[in-house]
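**Q**
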Amino acid sequence: MEPKETDTLFIISILGLLLLGNVGSAAAVQFDSNSSVNFTNSTNCEFPITPEANIKNVIVLIPDGCSQSVETLARWYSGKPLELDNMVTGTVSTYSTDSVITDSSSAATAFAAGYKTTNGFVSVGPSNSSVLSTLEIPPEELQYRPLATVLEGSKLEGKATGLVATSRITHATPAAFAAHVDNRDNETEIMKQMVYENIDVVFGGGSSYLTPVAEGGKRADGENLTKVLLERGYQYVDSRDQMMNLTTGKVWGLFASSHMMPDIDRSSLAPEQPSLSEMTNKSIELLSHDKNGFFLMVEGSQVDWADHANDPNYAVTDFLAFDNAVKVAVDFAKKDGHTLVLVFPDHNTGGMTIGSGSDPNYTSTTVEDVISPLKGMKLSSTGLETKIGTDLSSENIKKQLKTWWGIDATYEDIAEILKLYNDGKGLSLDYAISEVISRNHTIIGWTTHGHSGDDVPLWAYGPDHPTGHMDNTEIAGYIAKDLGFDLNKTNSNLFIEVGEVFSKDNGDGKLDKDEYLLNMTDSSNPVLEIGDAELPVDTNILIKNGVAHELEGIVVYAPATGKVYIPCGALSLVNGTKINGAQKAAEAA
4 MEPKETDTLF IISILGLLLL GNVGSAAAVQ FDSNSSVNFT NSTNCEFPIT
54 PEANIKNVIV LIPDGCSQSV ETLARWYSGK PLELDNMVTG TVSTYSTDSV
104 ITDSSSAATA FAAGYKTTNG FVSVGPSNSS VLSTLEIPPE ELQYRPLATV
154 LEGSKLEGKA TGLVATSRIT HATPAAFAAH VDNRDNETEI MKQMVYENID
204 VVFGGGSSYL TPVAEGGKRA DGENLTKVLL ERGYQYVDSR DQMMNLTTGK
254 VWGLFASSHM MPDIDRSSLA PEQPSLSEMT NKSIELLSHD KNGFFLMVEG
304 SQVDWADHAN DPNYAVTDFL AFDNAVKVAV DFAKKDGHTL VLVFPDHNTG
354 GMTIGSGSDP NYTSTTVEDV ISPLKGMKLS STGLETKIGT DLSSENIKKQ
404 LKTWWGIDAT YEDIAEILKL YNDGKGLSLD YAISEVISRN HTIIGWTTHG
454 HSGDDVPLWA YGPDHPTGHM DNTEIAGYIA KDLGFDLNKT NSNLFIEVGE
504 VFSKDNGDGK LDKDEYLLNM TDSSNPVLEI GDAELPVDTN ILIKNGVAHE
554 LEGIVVYAPA TGKVYIPCGA LSLVNGTKIN GAQKAAEAA
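Counting with the numbering used here, you get residues 4 to 592 for the letters of the sequence shown.
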């Protein structure tokens, strides 16, 4: 068998919705074995830069885990219109392959890569073990396959790229734009892939996932990825002042070992951390130096956590911080004239309502009824839990609620909080506090501590912005079209299944030039070997004859299928021999 440099043909039969097609309703969604999309490599492994287009830059902003009820509350709370109020253009459906109610990783996969996938998966194809009744079973070829994202497509177009979040940068939403794993909790692997993705600007939390356990970090593989970043020419900053002093160049800025502080807590508990709007502004400043344009994703990560906790003030203050970041993006777009700004939640969380069952006089609700209980809250519920500490006496909880939330809680309130906290259902103290205080001292209602399956708003500004109802998978196609690339071709360029091109090692103790094996000697750092070339998994490196070459994308291993995927450019570096894709398919048949 001869290895192939180009023209590898991958034909996967899938429904247009799971890629980029239009959708009328959930009931219409299915895999169609009669329709197919060709993942076909270009003849020279090059991705040409598109001539000047009307849209040069795309900025995506995601307020994780919310819907329009939070926007409404934020408007009442601030006492003035929001930036987002002028941008409402439609709605977005959110369900995943296996559930009417999505999680953040499958939702982010949809709008980053154009596919529905299984909850918990990060930009890889879905499992067929559990599929909604309105969908056909996914084709085997699609399962666990890495899926190219709009960030990766933008890179191949020659554009600068950036990611910003107030969570760990390895958390589900940012991860889906730059990593490919079947478990969102594999954050050490996600971090490695993100480092080797060559993203130009990265701001957020999660520095502990860069460093090994021996140095106080989370990495069990022993690697120090901070050193890798520095060796690759990145600037590395970890404070607001350092970030603000940046003027040019590639940079990683991680401002917390784990997640960053809630916006309401930041000034008192972490004043060295930048705000979301400051990170957004600096990202745009740095990325806009690229003459080919840029793609930037900004996540207001913690609106979701506030809604999980049923903490209305945490939610509204983080949403207002997010709205400030939207204003930064829109102000740039207005001056630039070639920038599309897209804003949408990934899903709703908490089911917030302005009005609750405990308020029988709801038709007499005043503005003061809505906002007064929230205005006295100086910390998030997580910050309040920190202040309470280990002293869970009724007197201490009552005192801290008065000091930090301005709430005169009754002893009945405290008993209710402690009962929820101690009932064995795993409800954390901050969740228990927020649930009881919301119910007994505000007119804000909640339906759940989890996600919900309703549609979410779509906000947009700029040329050719979308309107009406969209499925979340359609957003990726919209971005790709406007930036001038095809996600199918991006998939073909970045993710060639090694077994489609080379023969598996025959076990004779010698790896021939057309054979491959996955070396798992160090299970934390597997290495794909093809002939005399080595490709460390989760990196964009190919080593041959002692020389390291950078690839246009990363090497991805899918443990569930045992398959390994490599970028097209690796083929010519391995050996340079071409074989016609159609000929190879015919020979295999």
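No residue lacks a Cβ here, since even glycine has one placed at the ideal position from N, Cα and C. Remember, predicted model here, so these are calculated numbers, not experimental data.
Can you find the residues in the same chain that come closer than 7 Å, C-beta to C-beta, to Gln403, ignoring five residues on each side of it along the sequence?
**A** Excluding sequence neighbours, Gln403 sits near Leu387, Lys390 and Ile391.
**Q** Quick one: which unbroken beta strand (DSSP E) runs of 3-plus residues sit fully inside the stretch 155-195? Chain order, please.
**A** Counting whole runs of 3 or more residues, the stretch 155-195 contains the beta strand (DSSP E) stretches 163-171.
**Q** Assuming Ala179 contacts Ser126 under a Cβ cut-off of 8 Å, what Cβ separation, rounded to an integer in Å, is found between them?
**A** Yes, they are in contact, since the Cβ atoms of Ala179 and Ser126 sit about 5 Å apart, within 8 Å.
**Q** Under DSSP, the beta strand (DSSP E) around Asn89 begins and ends at which residues?
**A** No beta strand (DSSP E) contains Asn89, which DSSP labels as neither H nor E.
**Q** Would you kindly report the start and end of the unbroken alpha helix (DSSP H) that includes Pro315?
**A** Pro315 to Asp339 is the extent of the alpha helix (DSSP H) around Pro315.
**Q** What do you get for Tyr414, buried or exposed, if any count of 16 or more other CB atoms within 10 angstroms of its CB means buried?
**A** Tyr414 comes out exposed.
**Q** Measure the C-alpha to C-alpha separation of Ser278 and Ser210 and round it to an integer number of angstroms.
**A** Straight-line Cα distance between these residues: approximately 17 Å.
**Q** In chain order, which beta strand (DSSP E) runs of at least 3 residues are fully inside the stretch 246-288?
**A** Entirely contained in the stretch 246-288, the beta strand (DSSP E) runs reaching 3 residues are, in chain order, 254-257.
**Q** Quick one: Cα of Leu64 to Cα of Ser280, how far?
**A** Spanning the two alpha carbons is a distance of roughly 11 Å.
**Q** Which stretch, first to last residue, makes up the beta strand (DSSP E) that contains Pro539?
**A** Here the beta strand (DSSP E) through Pro539 covers Ala536 to Pro539.
**Q** For Leu576, does the count of other Cβ atoms within 10 angstroms reach 16, so buried, or fall short, so exposed?
**A** With 16 or more other Cβ atoms within 10 Å, it is buried.
**Q** For a test of the three-state rule: what should DSSP assign to Gly453, helix, strand or coil?
**A** Three-state result, Gly453: coil.
**Q** Would you tell me roughly how many angstroms separate the C-alpha atoms of Thr46 and Pro570, rounded to the nearest one?
**A** Below a pLDDT of 50, predicted positions are generally treated as unreliable, and Thr46, at 36, falls in that range; the measurement from the model is reported next regardless. Approximately 14 Å between the Cα atoms of the pair.
**Q** Using the Cβ count rule (16 or more neighbours within 10 Å means buried), how would you classify Ser375?
**A** With fewer than 16 other Cβ atoms within 10 Å, it is exposed.
**Q** Please classify Ile478: does DSSP put it in a helix, a strand, or coil?
**A** Ile478 falls in the helix class under three-state DSSP.
**Q** Is it the case that the stretch 183-202 contacts the stretch 318-332, given that we only count it when at least three CB pairs across the two stretches are under 8 Å?
**A** Output reads no: the stretch 183-202 does not touch the stretch 318-332.
**Q** If the criterion is Cβ atoms closer than 9 Å, does the pair Gly471 and Thr97 meet it?
**A** No; because the gap between Cβ atoms is not below 9 Å, this pair is not in contact.
**Q** Mind listing, in chain order, the continuous alpha helix (DSSP H) runs of no fewer than 4 residues lying wholly within the stretch 60-138?
**A** Listed in chain order, the complete alpha helix (DSSP H) runs (minimum 4 residues) inside the stretch 60-138 are 71-81 and 107-116.
**Q** Give the range of the beta strand (DSSP E) segment to which Glu302 is assigned.
**A** Per DSSP, Glu302 belongs to the beta strand (DSSP E) from Phe297 to Gly303.
**Q** Where does Ala563 fall in DSSP's three states?
**A** Residue state, collapsed to three classes: coil.
**Q** Once you ignore the five residues that flank His444 on each side, which residues in its own chain have a CB closer than 7 Å to its CB?
**A** Result list for His444: Pro376 and Ile410, in chain order.
**Q** On the CB-based measure, 16 or more other CB atoms within 10 Å of its CB, does His292 come out buried or exposed?
**A** Exposed, by the Cβ-count rule.
**Q** Per DSSP, which one or two residues make a beta bridge with Lys547?
**A** Ala536 and Val550, per the DSSP bridge assignment.
**Q** If distances are taken between C-alpha atoms only, which option among Pro141, Ala318, Lys285 and Glu234 comes closest to Asp67?
**A** It is Ala318.
**Q** Figure out for me which residue from Lys59, Arg187 and Gln146 has the closest Cα to the Cα of Asp106.
**A** Of the candidates Lys59, Arg187 and Gln146, the one whose C-alpha sits nearest the C-alpha of Asp106 is Arg187.
**Q** Using DSSP with H/G/I as helix, E/B as strand and the rest coil, what is Leu18?
**A** Bear in mind that the predicted position of Leu18 carries a pLDDT of just 35, short of 50, making it too unreliable to give a figure here.
**Q** Runs of 4 residues minimum, wholly inside the stretch 349-390: which ones carry the alpha helix (DSSP H) assignment?
**A** Correct list: 370-378.
**Q** By DSSP's criteria, Met523 is part of a beta bridge. Which residues make up the other side?
**A** The partner list for Met523 (beta bridge, DSSP) is empty, contrary to what the question assumes.
**Q** In chain order, what are the residue ranges of uninterrupted beta strand (DSSP E) at least 3 long that sit wholly in the stretch 408-454?
**A** Runs of the beta strand (DSSP E) inside the stretch 408-454: none found.
**Q** Can the beta-carbon of Asn57 be found closer than 9 Å to that of Pro466?
**A** Their beta carbons are under 9 Å apart, which means Asn57 touches Pro466 by this criterion.
**Q** Please classify Arg171 as buried or exposed, where buried requires at least 16 other C-beta atoms within 10 Å of its C-beta.
**A** So Arg171 counts as buried.
**Q** Output needed for Ser242: all residues of its chain with C-beta closer than 6 Å, excluding positions within five of it in sequence on either side, in chain order.
**A** Around Ser242: Glu275.
**Q** Among Ile357, Phe124 and Thr214, which has the Cα closest to the Cα of Ala77?
**A** When each option's Cα is compared against that of Ala77, the closest is Ile357.
**Q** Looking at Ser304: is its Cβ nearer than 9 Å to the Cβ of Thr176?
**A** Yes. Within cutoff.
**Q** Give the straight-line distance between the Cα atoms of Leu257 and Asp339, rounded to the nearest whole angstrom.
**A** Approximately 28 Å, taken between the alpha carbons.
**Q** Is DSSP giving Gly502 helix, strand or coil here?
**A** In the structure shown, Gly502 sits in a helix (DSSP, three-state: H, G or I).
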